[in-house]
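Asker:
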Amino acid sequence: MPGSLSILKVAGFRLLFAAFALLFVLAHPAAAQLSFKPTAEAVQEDKLLNALKEGDKISGRVSIPDGNAANLIQPAGRDWRDFHRGKLPWIGGIAILGMIALLAIFLMVRGRIRVRQGLSGKTILRFASFERFTHWLTASCFIILALSGLNVSFGRTLILPLFGADAFAAMSAWAKLAHNYLAFPFMLGLVVMFLIWIKDNIPGKVDLEWIKQGGGILPNGKHPPAKRFNAGQKGIFWIVIIGGALMSVSGWFLIFPYLPGNVTALQIWTVIHAVIAMLFIAAMLAHIYIGSIGMEGAFDAMGTGEVDVNWAKEHHSLWVEEQQRKAGAPPDRTPHAVPAE
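Per this note's numbering, numbering of the sequence shown is gapless, rising by one per residue and ending at 397.
1. I'd like the span of the beta strand (DSSP E) that includes residue 363, first residue to last.
2. Report back the beta-carbon spacing between residue 350 and residue 358 to the nearest angstrom; my notes put them in contact at under 8 Å.
3. Output the distance between the C-alpha atoms of residue 238 and residue 147, rounded to the nearest integer angstrom.
4. Based on DSSP bridge pairs, tell me the residues matched to residue 181.
5. Measure the alpha-carbon distance for residue 362 versus residue 164 and round it to whole angstroms.
6. Any contact of the region 236-256 with the region 195-214, i.e. 3+ C-beta pairs under 8 Å?
7. Rank 283, 224, 327 and 225 by C-alpha distance to the C-alpha of residue 302 and give the top, closest one.
8. Residue 377: beta carbon under 8 Å from a heavy atom of the ligand ZN?
9. Just confirm the distance between the C-beta atoms of residue 159 and residue 345, as a whole number of angstroms; I'd bet it's less than 8 Å.
10. Can you give me the C-alpha to C-alpha distance between residue 341 and residue 156, rounded to a whole angstrom?
11. Answer with buried or exposed for residue 280, where buried requires no fewer than 16 other C-beta atoms within 10 angstroms of its C-beta.
12. Taking the alpha-carbon of residue 323 as reference, which of 337, 150 and 306 has the nearest alpha-carbon?
13. What does the alpha-carbon distance come out to for the pair residue 261 and residue 231?
14. Tell me which same chain residues have a C-beta within less than 7 Å of the C-beta of residue 352, skipping the five on either side of it?
15. I'd like the span of the alpha helix (DSSP H) that includes residue 217, first residue to last.
16. Where does residue 311 fall in DSSP's three states?
17. Here's the rule I'm using: 16 or more other beta-carbon atoms within 10 Å means buried, otherwise exposed. How should residue 298 be labelled?
18. So what's residue 169 in DSSP terms, helix, strand or just coil?
19. Give me the residue from 329, 294 and 283 with the minimum Cα distance to residue 250.
20. How many angstroms separate the CA atom of residue 151 from the CA atom of residue 325?
21. For residue 283, count neighbouring Cβ atoms within 10 angstroms of its own Cβ and tell me buried if that reaches 16, exposed if not.
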């Protein structure tokens, strides 16, 4: 009997030890991890995110005044990120590179638009000093804003591999400062341009005729009559004013991100800002081309403010007649429609 009791005691201790061991294993974190299935959990999380409606979010609770800090997950942010990384570079590439390609083809086919009668050597004042200052203030700010903005979309792909991470980081930091602060003189320039040129940029019947005749830029075409600004210049004016206004409003929300009120609205404004910027840059490339290498004598208008009389008669005959009447000079007898080269 004593031997049997000792055997039972040993067996009892073993059962008790096994029970404690089992409880230890079940309670240990490593054992708990055995029940975690990463693939299944990921599927459930993805279902949760996809089930949320656009604009919804998963939020917690915070004790600080900024309630947006409580947002943990916003599924719409994934679409916003994918747009900036995927679709926006394509939009910008097609718009900007496409415009450059079209201008290059136009230059090869049409060539530079020359003054048909040649330069006379006599000039007429086209833009006063204040007008030129406003133009160059807005234009110079726009160029820096465009380059610094393009760095956001294409910098990592085009600039980073060429200059390295350190140089790219320093360049981007300065570009960000320039982009933020030069936005204000750019907006000021837009307002002044609108006030001083709105009276000369109201569309009229003369502009319809100008468009029908192709504005004199087609080969063997004619320069139709035009006032101070022709239909093409009026189009550029309204692109600048409307596009600049959209860029200014959306940019204001980006500089002060608490103004939209929520993250979803801010994301919408960033998309508007980016898309309008790409189209804006493409349009300004056409404007720069015509005002420089595309048309003989055009740059003088904003360079010195004075243009050759023959150039003015060909491109803005009605405006020249108006200026001559104001000066008391005899009316010009040159036909309004001058054959283009």
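Each residue gets a CB set at the ideal place from its N, CA and C atoms; glycine is no exception.
Answerer: Result, derived from the coordinates:
1. Counting along the chain, the beta strand (DSSP E) containing residue 363 begins and ends at 362-364.
2. Actually they do not touch by this definition, with Cβ atoms about 14 Å apart.
3. Taking the straight line joining both Cα atoms gives about 25 Å.
4. Under the DSSP definition of a beta bridge, residue 181 partners with 362.
5. Distance between the alpha carbons of residue 362 and residue 164: 28 Å.
6. Contact holds: three or more Cβ-Cβ distances are below 8 Å.
7. Nearest C-alpha to residue 302: 327.
8. For the ligand ZN, the structure offers nothing, since it holds no ligand at all.
9. Going by Cβ atoms, the distance from residue 159 to residue 345 rounds to 5 Å, so yes, they are a contact pair.
10. Computed Cα separation, rounded: 7 Å.
11. By the neighbour-count rule (16 or more Cβ atoms within 10 Å), residue 280 is buried.
12. For residue 323, the closest alpha carbon among the candidates 337, 150 and 306 is that of 306.
13. Straight across, the Cα-Cα distance linking residue 261 with residue 231 is about 44 Å.
14. Cβ neighbours of residue 352 beyond the five flanking positions: 168, 169, 170 and 171.
15. Start and end: 216-219.
16. Secondary structure at residue 311: helix, using DSSP grouped into helix, strand and coil.
17. It counts as exposed.
18. Strand.
19. From the listed residues 329, 294 and 283, the smallest Cα separation to residue 250 is found for 294.
20. Looking at the two C-alpha atoms, the distance is approximately 20 Å.
21. Classification of residue 283: buried, given that the 10 Å Cβ count is 16 or more.
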